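Numbering (our numbering), first residue to last: 16 to 231.
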């Protein structure tokens, strides 16, 4: 994918969506618009995501990847530009899939950017993920001041889609050496890894936007 130029042509559309628009008479009217861009998990981009993608235009994929690497290292890249870059990579991945990326995921990663909350884009605390494909384990950890969290989980993998179906088992908490443990309801979550290399992992979370990880 490096060195390729992205041209934001629409992929085969999947849905019509309705949006509110203001008519000339000042009244709301319903307007049908064709959402042209798909996401890695088969849904469609939101209107806001479409706008971010169009801003990227014809810039090269190499530039997009370099921006993500800088963002992971410094958290200084403008969040809107990071989101535009990763959406461009997602569209390129739909045209030129990587193949099975599970072997690239093994090891520890730092979660640094997410559009899931709508509040923060850069993850404001130290948070990491650890993948062990031989054991089928996917663990999350974070530190907030003197409180540490460890959330062990397991996953299943569908290589043709780079889809991770995972569930967390419990939360282990350490507060100044005092340890607590809480069981969690086993509810499946879904991550589609649409681009992974030795530095960056780009993820589409089912129904919850995009997450970025860099190597720890």
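Just so it is clear, CB atoms sit at the ideal spot from N, CA and C, and this is done for glycine as well.
In this text the structure is predicted, and so the values were computed from the model without any measurement.
Any idea if residue 91 is buried or exposed, counting beta-carbon neighbours within 10 angstroms, 16 or more meaning buried?
As a position in the chain shown, residue 91 is number 76, starting the count at 1. That one is exposed.
Whole-angstrom distance between residue 195 and residue 188, CA atom to CA atom
Indexing the chain shown from 1 puts residue 188 at position 173. Indexing the chain shown from 1 puts residue 195 at position 180. Taking the straight line joining both Cα atoms gives about 5 Å.
Where does the unbroken alpha helix (DSSP H) through residue 190 begin, and where does it stop?
Residue numbering aside, residue 190 sits at position 175 when the chain shown is read from its first letter. Counting along the chain, residue 190 falls outside any alpha helix (DSSP H), though it belongs to the beta strand (DSSP E) covering 185-190.
Alpha carbon to alpha carbon, what distance is there between residue 79 and residue 93?
Here residue 93 refers to the residue found at position 78 when the chain shown is read from its first residue. Here residue 79 refers to the residue found at position 64 when the chain shown is read from its first residue. Taking the straight line joining both Cα atoms gives about 13 Å.
Where residue 55 and residue 152 are concerned, what is the direct C-alpha to C-alpha distance, given to the nearest angstrom?
Numbered from its first residue, the chain shown carries residue 55 at position 40. Numbered from its first residue, the chain shown carries residue 152 at position 137. Distance from the CA atom of residue 55 to the CA atom of residue 152, rounded to whole angstroms, is 23 Å.
What does DSSP give as the partner residues of residue 158 in its beta bridges?
Indexing the chain shown from 1 puts residue 158 at position 143. Its beta-bridge partners are 141 and 163.
Residue 149 by DSSP, collapsed to three states: which one?
For the purposes of this step, residue 149 is taken as residue 134 along the chain shown, with counting starting at 1. Note: residue 149 maps to coil in three-state DSSP.
Using DSSP with H/G/I as helix, E/B as strand and the rest coil, what is residue 38?
As a first step, residue 38 must be located in the chain shown, where it is residue number 23. For residue 38, the pLDDT reaches just 41, beneath the cut-off of 50, and the residue's location in the model is therefore unreliable, leaving the point undetermined.
Using the Cα positions of residue 137 and residue 102, report the straight-line distance between them to the nearest angstrom.
As a working mapping, residue 137 is identified with position 122 in the chain shown. As a working mapping, residue 102 is identified with position 87 in the chain shown. Computed Cα separation, rounded: 16 Å.
What did DSSP end up calling residue 63 once you bin it into helix, strand or coil?
For the purposes of this step, residue 63 is taken as residue 48 along the chain shown, with counting starting at 1. Residue 63 falls in the helix class under three-state DSSP.
Which residues mark the beginning and the end of the alpha helix (DSSP H) in which residue 106 is found?
On the chain shown, residue 106 is found 91 positions in, with the first residue counted as 1. For residue 106, the uninterrupted alpha helix (DSSP H) segment begins and ends at 94-110.
Test item: CB-CB of residue 205 and residue 221 under 9 Å:
Residue mapping note: residue 205 aligns to position 190 of the chain shown, counting from 1. Residue mapping note: residue 221 aligns to position 206 of the chain shown, counting from 1. Cβ atoms of residue 205 and residue 221: closer than 9 Å.
Is residue 193 buried or exposed, if buried means 16 or more other CB atoms sit within 10 Å of its CB?
Mapped onto the chain shown, residue 193 falls at position 178. So residue 193 counts as exposed.
Expressed to the nearest angstrom, what Euclidean distance is found between the alpha-carbon atoms of residue 218 and residue 207?
If you number the chain shown from 1, residue 218 lands on position 203. If you number the chain shown from 1, residue 207 lands on position 192. Rounded to whole angstroms, residue 218 to residue 207 spans 5 Å at the Cα level.
Inter-residue Cα distance where the pair is residue 52 and residue 190
Taking the chain shown and counting its residues from 1, the one referred to as residue 52 is at position 37. Taking the chain shown and counting its residues from 1, the one referred to as residue 190 is at position 175. When rounded, the distance between both Cα atoms is 45 Å.
Taking the Cβ atom as the reference point for each residue, do residue 82 and residue 65 lie within a distance shorter than 9 Å?
Here residue 82 is taken as the residue at index 67 of the chain shown, counted from 1. Here residue 65 is taken as the residue at index 50 of the chain shown, counted from 1. Going by C-beta atoms, residue 82 is not nearer than 9 Å to residue 65.
Which stretch, first to last residue, makes up the alpha helix (DSSP H) that contains residue 89?
Numbered from 1 along the chain shown, position 74 holds the residue referred to as residue 89. Per DSSP, residue 89 belongs to the alpha helix (DSSP H) from 76-89.
When the Cα atoms are used, what is the spatial distance from residue 108 to residue 163?
Taking the chain shown and counting its residues from 1, one reaches residue 108 at position 93. Taking the chain shown and counting its residues from 1, one reaches residue 163 at position 148. Residue 108 and residue 163: Cα-Cα distance of roughly 35 Å.
Span separating the alpha-carbon of residue 165 from that of residue 198:
One-based indexing of the chain shown puts residue 165 at position 150. One-based indexing of the chain shown puts residue 198 at position 183. Annotation: residue 165 to residue 198 spans about 12 Å, alpha carbon to alpha carbon.
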